[in-house]
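Colleague: Sharing a structure, written as C-alpha cells. Questions coming.
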Amino acid sequence: MFKFGLYLTKTFLLTWLTTVFGFLVLIGLLDSLANGGDIVASGQGFHGTFKYMLLRAPVIFDRIFMFTLVVAILLVFVKLIRQHELVALLGFGISAPKQILLLSPIVLAASVTSIGFIDFAMPPAVRSLQAWGIGEYKVKNITSENPLWLEDGQDIIRATQRVSFETLGDIQIFERDETGAVNSVIWAETATFKASNWALNGVKILTLKGSDGEKRSALRDTTPRAWETNQTPRSIARLAAEPRDLSLGEMKTFSVRGNSGSKPRFAYSFWHAHRLSRPLAALILLVCCVPLMQRTGREDTGDKALILGITMGFIFLIIDGAMATFATSGGIEVMTAIAFPLAIFGLFGAFLLVRTESL
C-alpha cells in the first residue's frame with residue numbers, strides 16, 4: 023500500500039509540475055504577444071518580453087493552479103489506464119476511495135504550497151507591473167475611469183493618475199472637521215513622495231469654512247505644500263491593486279471595518295476566504311476526478327473520461343467565477359459564495375464515488 027502511494031505521489035508530482043510549466047509558458051507567451059506593442063513602447067525591447075512573462079507568472083498561476091491540479095489528476099489516471107496499471111491496483115484491492123486516500127496528501131500539499139507561493143510572489147510582481155504600467159495594468163492602475171478614493175484620518179483623497187510609482191497626478195484633498203463637514207478642497211497637479219511626505223505641485227485651494235453660501239473661487243497657492251500621511255508608494259500600490267492580487271495579510275487588513283481600501287471590505291473578505299478554501303476545493307475535485315477515471319475496459323484509453331474531467335473542471339471554474347462576481351459586488355454573502363460550488367461538487371463527487379463502488 024505504501025509503495026503504491028509513493029508511486030502515485032511521484033507520478034502526480036511530475037505530471038503536475040510539467041502541466042504548470044506548460045500552462046505558464048503558453049499563456050505567458052500569448053499574453054506577452056498581446057501586449058507586445060506596449061512592451062516595445064516602454065523601451066524594454068526583447069528583454070522586456072521575458073521580464074513581463076516573469077512578472078505575470080505568479081498572477082497567471084493564481085488564476086489557473088486549481089485547473090492544473092484537475093488536469094494533473096486526470097493525466098495520472100490516463101497513464102494508469104493506458105498501461106493497465108489501474109486494473110492491477112483494483113486487483114490488489116485498492117478501490118476508488120483508497121486511491122483518493124493515497125493521492126490526498128500530495129494534492130493537499132500541492133495546493134497549500136501553491137497558496138504559499140502566490141501569497142509570497144504575486145503582490146510584489148503586481149506592484150512591479152503597476153509601476154511599469156504595462157498591459158491591463160494601464161487600466162487597473164489609477165485612471166480617471168478608475169480613480170483611487172481613500173480615507174486618510176478625517177480627510178478624503180481622490181487621485182486619477184499614476185504618473186510613476188512615486189508620483190500621483192490630479193489629486194483632490196477634501197479636508198474635513200470633526201463633524202465631517204468639508205472645510206476646504208485642495209487640488210494638486212501632482213503629489214511626489216519625498217522623505218516621509220508627499221510634496222504637492224500646482225496647488226489650488228478652495229476654502230469653504232465660513233462661506234455661508236457665499237460664492238468663492240479656488241486660489242492658486244505658490245507656497246510649498248505637503249500631504250502629510252502614513253501612505254507610501256507601496257501602500258498606494260496595495261490600495262490600487264485588485265483585492266485578489268494582494269497577500270492574505272493585506273486582504274485581512276482591508277476586510278476589517280474602518281480600514282481604507284479601494285474596494286468594499288466584503289470584496290477583500292471574499293478573496294481572503296476564497297484563497298484559504300482552495301485546499302478543500304482541491305480535495306473535493308480529487309473526489310470528483312478519481313471515480314470518473316475508473317475505466318478498466320481492454321481497449322479503453324481514458325480519452326473520453328479525460329474530456330469529461332476537463333469539462334467538469336471548466337464548469338467548476340465557471341460556477342466559482344460567477345459566485346466570485348456576485349460576492350465581490352455585494353450580491354450574495356461571502357460564505358454562501360464560497361460554499362455553493364464546494365457543496366455542489368462535493369455532492370457530485372460523493373454520488374460518483376457511491377456509484378462506482380456499487381458497480
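Numbering (my numbering), first residue to last: 23 to 381. Every residue gets a Cβ at the ideal spot worked out from N, C-alpha and C, and that includes glycine.
(1) Relative to the C-alpha of serine 126, which candidate in Leu30, Ile82, Asp342 and Gly331 has its C-alpha closest?
(2) Going by C-alpha distance, which of Phe26, Leu102, Leu302 and Gln194 is nearest leucine 328?
(3) State buried or exposed for histidine 106, treating a residue as buried only when at least 16 other CB atoms are found within 10 Å of its CB.
(4) Check this for me: beta carbons of valine 81 and aspartate 267, under 8 Å apart or not?
(5) What does a CB cutoff of less than 6 Å around alanine 304 pick up in its chain, not counting 5 residues either side in sequence?
(6) Report yes if the CB atom of serine 284 is closer than 8 Å to the CB atom of leucine 261, and no otherwise.
(7) Do leucine 228 and alanine 240 come within 8 Å of each other at the CB atom, strictly closer than that value?
(8) Tell me, to the nearest whole angstrom, how far the beta carbon of leucine 350 is from that of phenylalanine 292; I am working on the premise that it is less than 8 Å.
(9) If we ignore side chains and look at the alpha-carbon of each, how far apart do leucine 172 and arginine 78 end up?
(10) Are the beta-carbon atoms of serine 299 and leucine 364 separated by less than 8 Å?
(11) Using only CA atoms, which one of Arg297, Gly191 and Lys274 lies nearest to threonine 135?
(12) DSSP beta-bridge partners for lysine 226?
(13) Find the nearest neighbour of aspartate 243 within the set Leu96, Gly58, Asp322 and Ile208, judged by alpha-carbon distance.
(14) I need the straight-line Cα distance from serine 186 to glycine 224, nearest angstrom please.
(15) Which one of Gly352, Glu321, Met345 and Ile341 has the shortest CA to CA distance from arginine 287?
(16) DSSP on threonine 31, reduced to helix/strand/coil?
(17) Let me make sure I understand the geometry here. Which of Gly58, Trp38 and Leu123 has the alpha-carbon closest to that of leucine 375?
(18) Please state the DSSP three-state secondary structure of aspartate 325.
(19) Restricting to Cα atoms, I'd like to know which of Leu76, Val47, Ala94 and Ser64 is closest to lysine 32.
(20) Ends of the alpha helix (DSSP H) at glutamine 121?
(21) Report the CB separation of serine 64 from tryptophan 154 in whole angstroms; it is logged as a contact under 8 Å.
(22) What would DSSP say about leucine 76, mapped onto helix, strand or coil?
(23) Kindly indicate which residue of Thr254, Val109 and Met357 has the alpha-carbon position closest to the one of glutamate 321.
(24) Give a yes or no on contact between the stretch 185 to 201 and the stretch 209 to 221, applying the rule of three or more CB pairs nearer than 8 Å.
(25) Given isoleucine 341, which residues of its chain have a CB within under 6 Å of its CB, disregarding the five upstream and five downstream residues?
(26) Would you mind giving the Cβ-Cβ distance between glutamate 197 and aspartate 177, rounded to the nearest angstrom? I have them listed as a contact below 8 Å.
(27) Given this structure, state the Cα-to-Cα distance separating alanine 147 from methionine 75, to the nearest angstrom.
(28) By how many angstroms is the C-alpha of alanine 361 removed from the C-alpha of alanine 56?
Modeller: Quick answer:
(1) Leu30
(2) Leu102
(3) exposed
(4) yes
(5) Leu91, Val129 and Ser133
(6) yes
(7) yes
(8) For clarity, residue 350 is threonine in the given sequence; the question names leucine instead. Right, their Cβ atoms sit about 6 Å apart.
(9) 27 Å
(10) yes
(11) Arg297
(12) Trp209 and Arg242
(13) Ile208
(14) 17 Å
(15) Gly352
(16) helix
(17) Leu123
(18) helix
(19) Ala94
(20) 118 to 154
(21) 7 Å
(22) helix
(23) Val109
(24) yes
(25) Pro363
(26) 5 Å
(27) 11 Å
(28) 35 Å
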